[in-house]
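Contents: one structure, followed by commentary.
Numbering (my numbering), first residue to last: 11 to 107.
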């Protein structure tokens, strides 16, 4: 019996939105984040000023990605989009805090 291999191709790969640096205007970045998530400005500023990198959104698709990245970059943030990585026991630690 011959073995066949197959390749699974996904149309949409989940992604993470990671804040690498709030830039020169962290308050503007916090306001943009508050506009995306809701909630208070104090909490958004606390999230933005944490020690980078900070994972802002996890396991999102292209629609959410286009909605998030634009306003944050316009506010001065350095954003990186990474392929979604899920922690599984026995693997190395998470690549982002």
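Every residue, glycine too, gets a C-beta built ideally from N, C-alpha and C.
Reference residue 41, options 90, 83, 28 and 63, closest by Cα
83
Can you tell me which residues form a DSSP beta bridge with residue 68?
Looking at the DSSP assignment, residue 68 forms no beta bridge with any residue, so it has no partner.
Let's test the definition: count the other Cβ atoms within 10 Å of the Cβ of residue 78 and tell me whether it reaches 16, buried, or not, exposed.
buried
Same chain, Cβ closer than 6 Å to residue 69, five either side skipped, listed in chain order:
24 and 94
Going by DSSP in three states, residue 35 sits in which element: helix, strand or coil?
coil
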